[in-house]
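*Asks:* Counting from 1, one number per residue, gives the positions in the sequence shown under the UniProt record's numbering.
I have a structure I would like to understand better, so I am pasting it below and will then ask my questions one at a time.
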Amino acid sequence: MKKIIVPTDFSDNAFAALHYASKLYGDESLCIVVLHSYSSQSRNNNNLAGLSVKTENVKINPEEESKKLLQKIKLSTPKQRHNYEFILTPESLSSTINKMAKEDEVSLVVMGDKGRTSAEDVLVGSTTIKVLKSLENCPLLIVPNHVKFVVPLKIGFASDYNEFFSFSKFKPITRLVRQFNSQIHIINVGSEKELDKTQKENYNKFLVDLTEYDVDFHFVPKKGNISNTLHSIVEKEDIDLFTIIHHKHNFIKQLFREPVVNRIGKHDYVPLLVIPSKIK
1 MKKIIVPTDF SDNAFAALHY ASKLYGDESL CIVVLHSYSS QSRNNNNLAG LSVKTENVKI
61 NPEEESKKLL QKIKLSTPKQ RHNYEFILTP ESLSSTINKM AKEDEVSLVV MGDKGRTSAE
121 DVLVGSTTIK VLKSLENCPL LIVPNHVKFV VPLKIGFASD YNEFFSFSKF KPITRLVRQF
181 NSQIHIINVG SEKELDKTQK ENYNKFLVDL TEYDVDFHFV PKKGNISNTL HSIVEKEDID
241 LFTIIHHKHN FIKQLFREPV VNRIGKHDYV PLLVIPSKIK
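Shown next as structure tokens:
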């Protein structure tokens, strides 16, 4: 049985992530591990997305909250056949997730984009960023709070063409594409004319590598910052799920440093699937 981890701070955003994951893999029987870490309770919660026993000056009982949470998710997804398990740990979230990913053959980690204490004008909260930076062998699906589940018929994939990644090596993408017969949208912020020699070579490799899929290639002029530019193409093409390969040299660091003040109407972000480049 496939296993995924969904961290929770018992916020609405954390539940949105759990609900999305349950629906996305609704045709399978999964073991979904709901993970709560209270290691941050002695830290400054104002600077963390806040997986702790005390949040927003309100003490919570994790065991009681976990029972309510599991009952709520089962009621909201009655047709799913998943097994849910709750784990409470005093260890840090990132270290616990990495340990479980290595030892328990975890297929995916699913998190909300922000916890209880994150500012509204940031793209991703600091706890999610910490997990993203430390996670090397497992993909991370980041789910915004207000996103309603829709079948991902259009999957966006951002590339600067500085490197080539064969899609056949990244099962988290190809599995979804085949399951939902999705169309892939390869998106580059820039113009085809501005590609250098290496970028042109990698672009041509993508063309060859993706011949068996339904693919559209987009070159999008930069408008403001990268996140706003990507959001504009998400809105234009009705992208349902966005994917980025996480590599230390690519633009993802810049993307997560940018504040997002102007949200995009009904596309108040889409789920973001981040796949470490080391995954085979």
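Beta carbons: idealized from backbone N, C-alpha and C, even for Gly.
Small disclaimer: the values here were computed from a predicted structure and weren't measured.
May I have the straight-line CA-CA distance separating K236 from E91, to the nearest angstrom?
*Replies:* Looking at the backbone, the Cα of K236 and that of E91 are separated by about 42 Å.
*Asks:* From which residue to which residue does the beta strand (DSSP E) around Q183 run?
*Replies:* Where Q183 is concerned, the enclosing beta strand (DSSP E) stretches over Q183 to V189.
*Asks:* Quick check on DSSP: helix, strand or coil for P276?
*Replies:* strand
*Asks:* How do the segment 193-208 and the segment 154-161 stand: do at least 3 beta-carbon pairs fall below 8 Å, yes or no?
*Replies:* Yes, since at least three Cβ pairs between the segment 193-208 and the segment 154-161 fall closer than 8 Å, the two stretches touch.
*Asks:* Do the CB positions of V151 and A16 come within less than 8 Å of each other?
*Replies:* No, the pair does not count as a contact, with Cβ atoms beyond the cut-off.
*Asks:* Please identify the residue among I73, V110 and V215 whose C-alpha is closest to the C-alpha of S94.
*Replies:* V110
*Asks:* Shortest alpha-carbon distance to V143 belongs to which of K2, I226, N98 and K23?
*Replies:* K23
*Asks:* Assuming L230 and V177 form a contact by the criterion Cβ under 8 Å, report the distance between their Cβ atoms to the nearest whole angstrom.
*Replies:* 19 Å between Cβ atoms; not a contact.
*Asks:* If you follow the alpha helix (DSSP H) that residue 287 is part of, which residue opens it and which one closes it?
*Replies:* The structure shown does not extend to residue 287, since the chain spans only 1 to 280, so no value can be given for it.
*Asks:* Pick out the complete alpha helix (DSSP H) segments inside the segment 57-88, 4 residues or longer, and give them in chain order.
*Replies:* 62-76
*Asks:* Counting only the same chain and skipping the five closest in sequence on each side, list residues whose C-beta sits under 6 Å from that of S166.
*Replies:* D209
*Asks:* According to the neighbour-count rule (16 or more other Cβ atoms, all chains shown, within 10 Å of its Cβ), is D9 buried or exposed?
*Replies:* buried
*Asks:* For D209, which three-state DSSP category applies?
*Replies:* helix
*Asks:* CB-CB under 6 Å to E192, same chain, minus the five flanking residues each way: which ones, in chain order?
*Replies:* F219
*Asks:* Whole angstroms is fine: what's the gap from L51's alpha carbon to F217's?
*Replies:* Because L51 sits at a pLDDT of 38, beneath the cut-off of 50, its placement in the model cannot be relied upon, and the following sentence gives the value as read from the coordinates. Computed Cα separation, rounded: 39 Å.
*Asks:* Is the Cβ-Cβ distance between L75 and H36 less than 8 Å?
*Replies:* no
*Asks:* Would you kindly work out how many angstroms separate the C-alpha atoms of L153 and T243, rounded to a whole number?
*Replies:* 13 Å
*Asks:* Could you name the residues that DSSP lists as bridge partners for A158?
*Replies:* In the DSSP output, where bridge partners are listed per residue, A158 has I187 and I244.
*Asks:* With 16 other CB atoms within 10 Å as the buried threshold, where does L48 fall?
*Replies:* Here the model assigns L48 a pLDDT of 33, short of 50, so the residue's position is not dependable, and the following value carries that caveat. That one is buried.
*Asks:* Taking the continuous beta strand (DSSP E) assigned at L93, which residues delimit it?
*Replies:* Looking at the DSSP string, L93 is not in any beta strand (DSSP E); the run it does join, the alpha helix (DSSP H), is L93 to E103.
*Asks:* What three-state label does DSSP hand K3 in the structure shown?
*Replies:* Here DSSP, grouped into helix, strand and coil, assigns K3 to strand.
*Asks:* Which class does L135 belong to by DSSP, given the choice of helix, strand or coil?
*Replies:* Of the three classes helix, strand and coil, the one that applies to L135 here is coil, per DSSP.
*Asks:* Please classify L69: is it buried, with 16 or more other beta-carbons within 10 angstroms of its beta-carbon, or exposed?
*Replies:* buried
*Asks:* How would you write the range of the beta strand (DSSP E) that F170 sits in, first residue to last?
*Replies:* F170 -> no beta strand (DSSP E), and no H or E assigned at all.
*Asks:* Nearest to F149 by CA position, among Y20, E194, T174 and K3, is which residue?
*Replies:* Y20
*Asks:* Whose C-alpha, out of I239, F170, H185 and Q179, is nearest the C-alpha of S107?
*Replies:* F170
*Asks:* Among the residues of its own chain, which have a CB less than 6 Å from the CB of N137, if the five just before and after it don't count?
*Replies:* A101
*Asks:* Applying the criterion that 16 or more other CB atoms from any shown protein chain within 10 Å of the CB defines a buried residue, is G112 buried or exposed?
*Replies:* With 16 or more Cβ atoms within 10 Å of its Cβ, G112 is classed as buried.
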